[in-house]
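Notes follow the structure.
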Amino acid sequence: MAVLDVPGIEVAVQINGRDSIDDTEFTIRYKASPGYNWEGCRDHVLRFWTFADGLNLSKKILFKTDALYGRCIRNGGFSKYDQETKETRVYNCKFPPISTVDAGREHVTEDSCVAKKLGLIEVEAYRSTFAGIPIHTGRIYRPLGYAIFRPPFDEIGEAEILVELERMEQLEESLEEKYGVDEESRPVKREIDEVYNHTRDQPPRQPAKRSRLASGREMQFVDLTDD
3 MAVLDVPGIE VAVQINGRDS IDDTEFTIRY KASPGYNWEG CRDHVLRFWT
53 FADGLNLSKK ILFKTDALYG RCIRNGGFSK YDQETKETRV YNCKFPPIST
103 VDAGREHVTE DSCVAKKLGL IEVEAYRSTF AGIPIHTGRI YRPLGYAIFR
153 PPFDEIGEAE ILVELERMEQ LEESLEEKYG VDEESRPVKR EIDEVYNHTR
203 DQPPRQPAKR SRLASGREMQ FVDLTDD
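Just so we're aligned, residue 3 is where the sequence shown starts under this note's numbering, counting upward by one.
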């Protein structure tokens, strides 16, 4: 009994080769024939969603290798979580017996809604990409490789640069404490006829202070503030 008609995809319900029988378990078979166009969408798998009597059965995946080797995938049940026992139970697919019972209008309305999906098996096939499966199944998909990019440095390593930056901050703080100017320099008042000698009146330069960093580089600091 075929339930899906797509070129190259075969889906059928197996009940020992016979039609539906009351209180009989059945399985659903998915298979892709060599005629299916795997090249239409590159590197994809077939994902099947199945609904029986309105219930969502377990989802199945069919790979290209399954089609090449003639393998088929079977779906024989569904899982349901029981809130009372806090357990997940697996149920097999089975055709339930159908009986006629006289009931009120409410039951007739409910039964009519259920009857719309009763005995109906719906299968939806999708093209999909496959990222991987859980580790506990035994098949692990690892990435092909890792690439780590860092900003390039010239001759000094990253650790040395951090040390030098810390030392520079400490030196700047010490220089500010030692040579800091509290008040602005006052201008010198001169007479009009007074001769101004730039060479004599120019204040002497402050001696340069040399410091050596952890990397061995020597740095020179000159105080440009007036006394």
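A virtual CB, placed ideally from N, CA and C, is assigned to each residue, including glycine.
As the structure is a computational prediction, the values presented were derived from the model and not from experiment.
Among the options, nearest to residue i - alpha-carbon criterion
i   : options               : result
L64 : E174, R49, A54, R44   : R49
E27 : V15, T131, R44, E89   : V15
Y38 : K61, L59, A69         : A69
R76 : S176, K33, E174       : K33
C74 : I30, K88, G42         : I30
N58 : E124, Y128, Y71       : E124
D55 : S176, E86, L122, R169 : L122
Where the beta strand (DSSP E) through residue i begins and ends
i    : result
K66  : Premise fails: K66 lies in the alpha helix (DSSP H), 66-70, not in any beta strand (DSSP E).
S35  : Looking at the DSSP string, S35 is not in any beta strand (DSSP E), and its letter there is neither H nor E.
R129 : 123-130
R49  : 47-54
Which of helix, strand or coil DSSP assigns to residue i
i    : result
S176 : helix
R73  : coil
E89  : strand
E168 : helix
K61  : coil
R31  : strand
E12  : strand
F151 : Low confidence applies here, because F151 scores a pLDDT of 29, under 50, leaving its location unreliable and the question unanswered by this model.
Close-in-space but distant-in-sequence residues of the same chain around residue i (CB under 7 angstroms, 5 per side omitted)
i    : result
S130 : H46, V47, R49
T87  : none
Any chain E beta carbon closer than 8 angstroms to residue i
i   : result
D55 : Among the protein chains of the structure shown there is no chain E, as only one such chain exists.
Cβ-based neighbour list, residue i, same chain, cut-off 8 angstroms, excluding 5 preceding and 5 following
i    : result
A149 : Unreliable placement is indicated for A149, whose pLDDT of 29 sits below 50; no coordinate value is reported for it.
S35  : G10, I11, E12, A69
Close-in-space but distant-in-sequence residues of the same chain around residue i (CB under 6 angstroms, 5 per side omitted)
i    : result
K132 : For the sequence presented, residue 132 should be read as Phe rather than Lys. So the qualifying residues of the chain are V47.
E41  : none
E126 : W51
Y128 : R49
Y71  : none
C43  : R129
F53  : E124
Supposed contact pair residue j and residue i - C-beta distance, whole angstroms, cut 8 angstroms
i   : j   : result
W51 : K61 : 6 angstroms
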